[in-house]
Each structure stands twice: as structure tokens, then as C-alpha cells.
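Student: Let me begin by handing over the structure; questions about it come next.
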Amino acid sequence: MMSSRWLDCLMVVILSVGLLAGTCVLPYWFPPQEFAVGASFEVGFNNGLSYVAYLALVFLLVLAVARIFPKPNHGLRLSSLEDTPLFGRWLFAAVILFHVMLFTAVYAYKGRFVFGESLYFQSLLHRMMQGEIPYIDFSFYYGPMMLYPAFWLTRVFGLDAGYAIWFVTTYVVGLWFLYTVLGICVTNGRDRALWFVFLALGLFNPLTGINVTMTRYLFPSLVFLAVTNYLRLGSRRHGLVAVVSLAAALTYSFEVAALSLLAT
1 MMSSRWLDCL MVVILSVGLL AGTCVLPYWF PPQEFAVGAS FEVGFNNGLS
51 YVAYLALVFL LVLAVARIFP KPNHGLRLSS LEDTPLFGRW LFAAVILFHV
101 MLFTAVYAYK GRFVFGESLY FQSLLHRMMQ GEIPYIDFSF YYGPMMLYPA
151 FWLTRVFGLD AGYAIWFVTT YVVGLWFLYT VLGICVTNGR DRALWFVFLA
201 LGLFNPLTGI NVTMTRYLFP SLVFLAVTNY LRLGSRRHGL VAVVSLAAAL
251 TYSFEVAALS LLAT
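Numbering (UniProt numbering), first residue to last: 1 to 264.
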């Protein structure tokens, strides 16, 4: 007879498959009846059904996963036998390696990143290579740090490879942000590592650009934690980290800059 934990794991697998089928397969079986301008209508994909299936199945999946994963531990750290930083570091490295290898495989297969946001940024980089300047010759709705490092890389590696390197770097930095924030919120090393894997894979979205990564979304939280750490401990090293993180946030995007200033 299967144990309760194995049944929970089986339920997670079933719901994960159901989530994929409900959001990506089922909507084709019930194409939209009313005309709407967009690619979804052209291929017979029902966005409304996909969204409803997503909400329902994600809710059930979260309930199932909550039965398997340990609850976050707050307050004092546990004993050294329960806190396993080496396990967490190896798991962190494995997740980073998985993402880098997957993005490398996608790039090697297509020769470039061909997703919507990626093409948008690459078109802007191409204009910069022709001598145009962001904010002057064309509109750009994010900060210079989101674009200029990629531009500098394109001068060495070319347009496609330069953007790809900056995108993967940005994505990996976002994963490091996630691990750092969890290191503050979840004190037990094993729990922190498991939550990191769950969130990193659960929030995995390779079909984006550098404007849709955890780097952008977690930057204000990281600035808040860095400044708080400096105010608590007061060392020069922590002060330098706080200043550098705030300066980077101010140049990343405008809403990140505003939230980071509020966080300080």
C-alpha cells in the first residue's frame, strides 16, 4: 500500500500534467466562437478557457505541493544537524546549471532567441549598432542598465550572442536574488533549498526577454534587505553592498528605482 507521501507526490505529478494539458491542449478543443484580432483566434486557441483552467489547476497544485514541502521556519536558526548549507549550495548550483544548459540548447538549436520580447530588445540593439541613442532617437521604457550591457556585449560577440549572454546573465542573477531573499525568510538550509527549487522551476518562463525576469521583480526586495542589513550591522562592507545595489536598481528600470527608493 502506498504511503501518504507517495500519494501526495503522485498527485503533484498528475496535477502538473493536467495543468500543462489544461492550459496548452484543452483550449484547442474548444476554439473561440466570437471574432477577435489576434494570433490566438487565428489558430483556434481559447484564451478564456486556458486562463480558467490555469487558475483552477494551479490552486489545486499549490495545495498538493504544500503537503509535501516543509513549512518555512521563522525566528531562531535550528541546530547544525538540521541546517545543511552545503546541500543548499549544491542544489542552487544544479538549478543554475540546468537553466544555463537549457538556454544554451535553445540558442544552439535556433541560432538566436526568437521570442517576442527578445526580438524587441534585439531590434533596439541593432538600432544602437547603427549609431542611434536610446531615449533620444527612439523610445525605451526601461533603464539603461537593461540595455547597455547587452550593447557592449554585441560589440564583442555580435548581436544575437551578445543579447543571449546578457539575457542568461540577467536570468541567473534573478535566481540568485530569489535564493538570497529566501535565505532571509527561511532559516533552515534544507527548507530554503527545497523552496528555492520549487519556486525557480514553478516560475520558470524561458519565453521572455530581460524585462520579464526575477531580477526586475526582486530588485527592490534585495535593496531593502541590503539597506536593512547595513542599518543593523553598520560595517563598511554592508554599506558598500547597500549603495551598489541601490545604484544598480536606480539604473535598471523606472518602477524598480521608485520602489527601491521607497524601500530605503
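Beta carbons are placed, not taken as given, at the ideal position from N, Cα and C, and that holds for glycine.
(1) Could you check how far apart the C-beta atoms of V181 and S245 are, in whole angstroms? I think they sit under 8 angstroms.
(2) Of all the beta strand (DSSP E) runs that stay within the bounds of the region 108-168, which reach a length of 3 or more residues?
(3) Do the CB positions of S40 and C24 come within less than 9 angstroms of each other?
(4) With burial defined as no fewer than 16 other Cβ atoms inside 10 Å of the residue's Cβ, what is the status of M146: buried or exposed?
(5) Spatial neighbours of L218 within its chain, please: C-beta separation below 8 angstroms, excluding the five flanking residues on both sides.
(6) Please report the residue range of the alpha helix (DSSP H) in which V186 lies.
(7) What do you get for M101, buried or exposed, if any count of 16 or more other CB atoms within 10 angstroms of its CB means buried?
(8) Any contact of the region 194-210 with the region 108-124, i.e. 3+ C-beta pairs under 8 angstroms?
(9) When you compare only the Cα positions, how much space is there between A93 and S235?
(10) Should Y107 be labelled buried (16 or more other beta-carbon atoms within 10 Å of its own) or exposed?
(11) Tell me whether N47 sits in a helix, a strand or coil according to DSSP, three-state version.
(12) Measure the Cβ-Cβ separation of F140 and L124 and say whether it is below 9 angstroms.
(13) Going straight from the alpha carbon of M129 to that of I14, what length do you get?
(14) Put G209 into one of helix, strand or coil per three-state DSSP.
(15) So A242 and Y252 are supposed to be a Cβ contact under 8 angstroms. How far apart are they, rounded?
(16) Comparing alpha-carbon positions, which option in E34, G158 and L61 lies nearest L199?
(17) Ignore the nearest five residues each way along the sequence and tell me which others in L153's own chain have a CB closer than 7 angstroms to its CB.
(18) Give the DSSP-derived three-state secondary structure of G174 in the structure shown.
(19) Grab the span of the alpha helix (DSSP H) containing T228 for me, first residue to last.
Tutor: On the basis of the coordinates in this document:
(1) Between S245 and V181 the Cβ distance is about 12 angstroms, and since that is not below 8 angstroms, they are no contact.
(2) Runs found: none.
(3) In this structure, C24 does not lie closer than 9 angstroms to S40 by Cβ.
(4) buried
(5) Taken in chain order, the residues that qualify are G174, F177, L178 and V181.
(6) That residue, V186, is in no alpha helix (DSSP H); it is neither H nor E in DSSP.
(7) exposed
(8) yes
(9) 29 angstroms
(10) buried
(11) Of the three classes helix, strand and coil, the one that applies to N47 here is helix, per DSSP.
(12) Closer than 9 angstroms, so yes.
(13) 49 angstroms
(14) coil
(15) That belief does not hold up - the Cβ atoms of A242 and Y252 are roughly 16 angstroms apart, past 8 angstroms.
(16) L61
(17) G162, I165 and W166
(18) helix
(19) M214 to L233
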